[in-house]
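A.B. asks:
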Amino acid sequence: MYGQLKKCVDGVQLVNNTKQSLKIAPVESFENEEFSDLVLAREAVRMIKNHDETKGPLFLFASWFSPHNPIMSPERYQDMNPGVTDVCRKQYAGMMSAVDEANKQVVDALKKREMWENTLFIFTSDNGGFNRPDRPCNQPMSYQGSNFPLRGSKFTFWEGGIRVKSFIHSPSSEIIPISRRGKTWSGLTSLTDWFQTVVTAAELPEMEANLVPPDSISFWNEIISDSESPRASLNLQVWKEGSFERFVGIKTSGGKLFKYIKGYPGFKPGNPQLGYQVPYDKWDPMDGIWIPPELRSENPNPPAYPKYVCEYSACLFNLDDDPTELNNLVQNGNKTDQQLAEEIGSNLLILAETEMVTLPESGLCGAGFVTQPNRRFTDPAAYDRAKYCGYFLPWLDQNMKLIPNRMIFDRNL
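With the sequence shown counted from 1, adding 223 to any position gets you this note's numbering.
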């Protein structure tokens, strides 16, 4: 599958940029392949096959493309899901079956090299599914994800957008004790925490002192010992710009997780600067709970109408008792809940006033970056291309020449 990504990429470009080298992948590495994730799986298998164990262990990070727009998959993967009859959902399910196949190829390669017995395998996701079932799956920006029974979608701060499941596995009892196999752990973590968690699990040395400490906390020991998370709170959004505010934070209190929201936590077209629209006047699958067609017979009652979107006043949800975020505790008159909401909100406001900086103020983009109306990076071509495409991406080719905005990546380069 070589789909279109917005308006700047009309094909696929595969490169190997390890050890300061940049090489366009040869045509034979993906020619005649029917699905992009299997191209990546093939390369992962090649790396496993060629790994020199005398030089140390192998770290392999495979970031599968699926499931993602455009929603399409080969028929043989769709046929693996006979219980899904909706055309678009069947395409989506086929993409997941292709991911299963890609993971199987990686695992089989590790077993063939006799590396599997000493492997730690981690499967996770960066966000929840994108609920956009009101658009045909053959059109751009059509997504068929469902986070049922959680509320919300990718691009939102509802639990459906930010809470994901992960699993870890190892055949070795020295890596994962027998007592922890088949068990779950539900501690509070951030995606950034995987960094230090992998470092701890692999028993790697501490980072060099001259490097900036990462915003990451290891939870490996807590998983293995089934103890409480090292995180007591997590700041998800700190944004204050003029009169506009959007704060989202999670805090542990009394052994339970509470989420604080002030400012619409979703994503709707409308205000081009803030990316949201008020008033909230209709049910939207990105803010509500969308049940996919294949599950509706088992769940005949429609999901509750989401009364609260929190754009005008603060909300507080007990995520242990109310993971669907339908009961706003700030409205129940309980002083303890109201005080907790005020505490979380005050801490987030302090962060906004003391630590939040704009990109120009951060100095990350060099002296060439100035404020509006002539906002520019050090290389104006980088910003011009990002403005045209809608996101930042490479703007120079391997010969340091500007990439045209409508460049079609030639597989024969």
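No residue lacks a Cβ here, since even glycine has one placed at the ideal position from N, Cα and C.
Bear in mind that the values here come from a model prediction, so they are computed numbers and not experimental data.
Is there contact between the stretch 384-404 and the stretch 342-355, where contact requires at least three CB pairs shorter than 8 Å?
C.D. replies: Flag = yes, the stretch 384-404 and the stretch 342-355 touch.
A.B. asks: Alpha carbons only, please: which of Gln314, Ala285, Tyr315, Cys360 is nearest the one belonging to Lys327?
C.D. replies: When only C-alpha atoms are compared, the closest one is Ala285.
A.B. asks: In the DSSP assignment, find the beta strand (DSSP E) that holds Val461 and state where it starts and stops.
C.D. replies: Unbroken beta strand (DSSP E) run through Val461: 456-464.
A.B. asks: So does the stretch 305-320 actually touch the stretch 515-526, counting three or more Cβ pairs closer than 8 Å?
C.D. replies: Yes, they touch.
A.B. asks: Among the residues of its own chain, which have a CB less than 6 Å from the CB of Trp462, if the five just before and after it don't count?
C.D. replies: Result list for Trp462: Arg469, in chain order.
A.B. asks: So for Asn557, helix, strand or coil by DSSP?
C.D. replies: Of the three classes helix, strand and coil, the one that applies to Asn557 here is coil, per DSSP.
A.B. asks: Any idea if Tyr366 is buried or exposed, counting beta-carbon neighbours within 10 angstroms, 16 or more meaning buried?
C.D. replies: Counting Cβ neighbours within 10 Å, Tyr366 comes out buried, since at least 16 surround it.
A.B. asks: How long is the line joining the alpha carbons of Ile385 and Ser439, rounded to whole angstroms?
C.D. replies: Roughly 17 Å separates the two Cα atoms.
A.B. asks: Taking the straight line between their C-alpha atoms, what separation do you get for Trp408 and Ser569?
C.D. replies: Their Cα atoms are separated by approximately 30 Å.
A.B. asks: On the three-pair Cβ rule with 8 Å, is the stretch 524-533 touching the stretch 448-455?
C.D. replies: Contact between the stretch 524-533 and the stretch 448-455 is absent, because fewer than three Cβ pairs lie under 8 Å.
A.B. asks: Would the C-beta of Asn622 count as close to the ligand ADP, meaning under 7 Å from any of its heavy atoms?
C.D. replies: For the structure depicted, the ligand ADP is absent and the ligand set is empty, with no information on it obtainable.
A.B. asks: Quick check on this structure: which residue in Val421, Asp544, Gly306, Gln460 has the alpha carbon closest to the alpha carbon of Ala575?
C.D. replies: Here the closest residue by C-alpha is Gln460.
A.B. asks: What's the C-alpha gap between Pro428 and Arg336?
C.D. replies: Near 26 Å, if we compare the C-alpha coordinates of Arg336 and Pro428.
A.B. asks: Restricting to Cα atoms, I'd like to know which of Asn622, His274, Ser520 is closest to Gly306.
C.D. replies: Checked all of Asn622, His274, Ser520; the closest Cα to Gly306 is Ser520.
A.B. asks: Checking the sheet assignment: what are the DSSP bridge partners for Lys479?
C.D. replies: Lys479 pairs with Ser476.
A.B. asks: Short check: CB of Leu542 to CB of Leu457, under 8 Å?
C.D. replies: Their beta carbons are not under 8 Å apart, which means Leu542 does not touch Leu457 by this criterion.
A.B. asks: For Leu619, which residues of its own chain have a beta-carbon under 6 Å away from its beta-carbon, when the five flanking residues on both sides are left out?
C.D. replies: Cβ within range, chain order: n/a, list empty.
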